[in-house]
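Reviewing the structure listed below.
Protein chains: 2
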Amino acid sequence: MADGSTPRRTRPSKAERREEILAAATRVFGSKGYHAGSLVDVAEQVGITHAGVLHHFGSKDKLLWAVLEYRDRVDVEHLEGQHIPGGLDLFRHLMTTARINADRRGIVQAYSVLTGESVTDGHPAAAWVTERFTVLRGEIATALLQVALERGVALEEARARSAASAVIGVMDGLQVQWLLDPDAVDLAQETAFAIEAILAAVLAGPAAPRVVPAG
Amino acid sequence: MADGSTPRRTRPSKAERREEILAAATRVFGSKGYHAGSLVDVAEQVGITHAGVLHHFGSKDKLLWAVLEYRDRVDVEHLEGQHIPGGLDLFRHLMTTARINADRRGIVQAYSVLTGESVTDGHPAAAWVTERFTVLRGEIATALLQVALERGVALEEARARSAASAVIGVMDGLQVQWLLDPDAVDLAQETAFAIEAILAAVLAGPAAPRVVPAG
DNA sequence: CGCTACTTACTTACCTGTCAGTAACTGTGC
DNA sequence: GCACAGTTACTGACAGGTAAGTAAGTAGCG
């Protein structure tokens with residue numbers, strides 16, 4: 125294991141150093157946010173100066189973009205081999221993710237902080253977050269349509285997209301509540317409950333009785 | 125309407141000025157976030173210097189706290205007379221709020237930005253946001269229990285609290301998606317759909333068939 | 001006159017980004 | 001296997017900007 129405090133005998137390779145910086149930046153931006161987290165914070169964690177960080181990434185914005193790309197790459201590698209699940213398996217996967225996330229506070233915080241910050245005016249991560257939502261909505265809507273087809277339930281695409289937005293929304297919203305008050309919210313359980321509820325509503329079809337009469 | 129650019133004939137009273145500053149601070153913190161929004165930004169909108177703002181509020185933290193209190197006060201005044209709805213009416217109210225919010229981007233952004241930022245380490249608004257969630261969860265859970273009672277459906281308190289968390293989560297999560305991509309998400313419709321789904325799931329009882337078999 | 005609401009001017013503290021210099025490593029010719 | 005040249009990965013110092021907060025002075029109003 126690399127020791128960050130004592131000087132190492134051999135200088136790490138360029139790729140290694142970049143990864144170290146990316147990991148540190150993920151932690152810093154994740155815990156303090158992009159704006160409040162400084163290059164000095166990141167550099168300290170790697171044991172170099174902030175100028176060293178800039179040597180590798182050019183600017184703070186570029187570092188953020190690299191962090192986001194890095195996350196994408198790591199996420200994809202993690203799913204490598206195991207094809208992206210579709211149909212009902214996708215929802216099982218989402219529930220599992222929530223369960224796993226309950227033990228990965230740092231990652232959840234990073235995601236929530238960056239997502240929340242991205243809605244500020246002119247934030248450099250806005251495009252990335254927007255794209256991520258678009259892709260996710262598409263995948264979930266597709267899985268929903270697939271499940272509906274398998275069960276012979278009529279499902280309009282617009283309705284599938286509504287449900288997809290809701291699934292993503294409830295996952296993100298619960299994460300924020302859980303981060304602020306872990307004792308008050310059981311991330312895994314509440315997420316599973318909500319996804320289940322939305323799924324049931326979609327599969328019940330549009331003719332299902334409304335609980336709240338149209339006002 | 126007060127004119128911020130040209131000097132006014134009479135100096136506003138202390139209370140008036142404080143309200144002006146609070147309104148300006150709400151806009152600034154709402155659009156840029158607390159950390160990125162500066163006292164100079166706030167002061168400019170009122171037509172004074174940042175030291176003038178500090179004269180009234182002492183520090184930036186105290187200004188934020190005053191903004192949060194201010195929001196609470198305004199929200200309560202807005203509901204004055206009209207008792208806080210309970211039972212099914214609460215959910216109708218939530219859906220109506222979402223519909224109204226679709227035309228109040230600024231307010232939604234302010235709420236989302238502050239909530240998202242609050243999960244960063246040591247954020248001064250964390251306690252306020254946490255408290256807000258706790259109160260909301262309680263109110264929604266109570267309303268759910270009331271509806272269940274009226275309909276003769278068995279509902280455990282824990283399950284009601286799960287559903288309450290989910291309702292809040294989905295509302296917040298959808299707001300973020302809508303802010304980033306208003307064309308992709310119909311805030312009012314998706315919110316109504318999700319609340320309806322969660323409500324239906326709760327009222328169907330725990331014995332209702334699961335869509336996703338326990339894994 | 002005396003209080004309040006400021007402004008002006010300043011301090012202190014960061015933060016990003018630049019730049020010149022340096023030490024370590026890498027490749028090459030021999 | 002080793003000297004030398006070139007490249008890379010930094011450091012340290014600093015420029016330029018912006019932030020919060022303070023203190024002393026001033027203008028207007030009761």
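So the sequences go chain by chain: W and X. The working numbering applies: residue 125 is where the first sequence begins, and numbers increase by one. The working numbering applies: residue 125 is where the second sequence begins, and numbers increase by one. For every residue, glycine included, the Cβ atom is placed at its ideal position computed from N, Cα and C. All values reported here derive from a predicted model rather than from experimental measurement.
At a beta-carbon threshold of 8 Å, the residues of chain X lying near Glu241 (chain W) are Gly157, Val237, Gly240 and Glu241, ordered along the chain. Interface annotation, Glu314 (chain X): in contact with chain W, CB-CB separation under 8 Å. For Asp245 (chain X), the nearest CB of chain W lies under 8 Å from its own CB, placing it at the interface with that chain. Contact of Phe181 (chain W) with chain X is not assigned, every C-beta pair being separated by 8 Å or more. Take Val277 (chain W), set aside five residues on each side of it, and the residues of its chain with a beta-carbon closer than 7 Å to its own are Leu327 and Gly329, in chain order.
For Arg334 (chain X), the secondary structure class from DSSP, reduced to helix, strand or coil, is coil. Annotated three-state conformation of Ala288 (chain X) is helix, per DSSP. Judged by DSSP in its simplified three-state form, Glu280 (chain W) adopts coil rather than helix or strand.
The alpha carbon of Tyr235 (chain X) has as its nearest neighbour, out of X:His247, X:Glu168, X:Val177 and X:Arg195, the alpha carbon of X:Arg195.
Among the residues of chain X, those whose CB is under 7 Å from the CB of Leu323 (chain W) are Val335 and Val336, following chain order. DSSP places Leu327 (chain X) in the helix class (H, G or I) of the three-state scheme. Bounds of the alpha helix (DSSP H) holding Ser242 (chain W) are Arg229 to Ser242.
With contacts defined by Cβ atoms closer than 8 Å, Thr239 (chain W) and Gly240 (chain X) form a contacting pair. Using a Cβ distance threshold of 8 Å, Leu298 (chain X) and Ser289 (chain W) count as a contacting pair. For Asp245 (chain W), the three-state secondary structure derived from DSSP is coil. If you draw a 10 Å sphere on the C-beta of Ile224 (chain W), you find fewer than 16 other C-beta atoms in it, and that means exposed.
Among the residues facing chain X, Arg229 (chain W) is not included, as its CB has no counterpart in that chain under 8 Å away. Taking a contact as a CB-CB distance under 8 Å, the pair His159 (chain X) and Ala160 (chain W) counts as one, their CB atoms being some 5 Å apart. If you look at Tyr194 (chain X), you'll find it in the alpha helix (DSSP H) that goes Lys184 to His202.
In terms of beta-carbon proximity, Gly293 (chain W) lines the interface with chain X, with at least one pair separated by less than 8 Å. Only residues of its own chain outside the window of five on either side were considered, and among them Pro209 have a CB closer than 8 Å to the CB of Arg216 (chain W), listed in chain order. Only those residues of the segment 246-264 of chain W whose C-beta falls short of 8 Å from the nearest C-beta of chain X are listed: Ala250, Val253, Thr254, Phe257, Thr258 and Arg261.
Within the same chain, Cβ atoms closer than 7 Å to the Cβ of Ser242 (chain W) are found at Ala249, Ala250 and Val253, the five residues on either side in sequence being excluded. In the three-state reduction of the DSSP assignment, Gly157 (chain X) falls in the coil class. Interface residue (Cβ-Cβ distance to chain X less than 8 Å): Leu327 (chain W) is classified as such. Note that the C-beta distance between Ala287 (chain W) and Phe317 (chain X) is below 8 Å.
In this structure, the CA atom of Ala284 (chain X) is about 8 Å from the CA atom of Ile264 (chain X). Per the C-alpha coordinates, the member of W:Gly262, W:Glu274, W:Arg334 and W:Met295 positioned closest to Glu281 (chain W) is W:Gly262.
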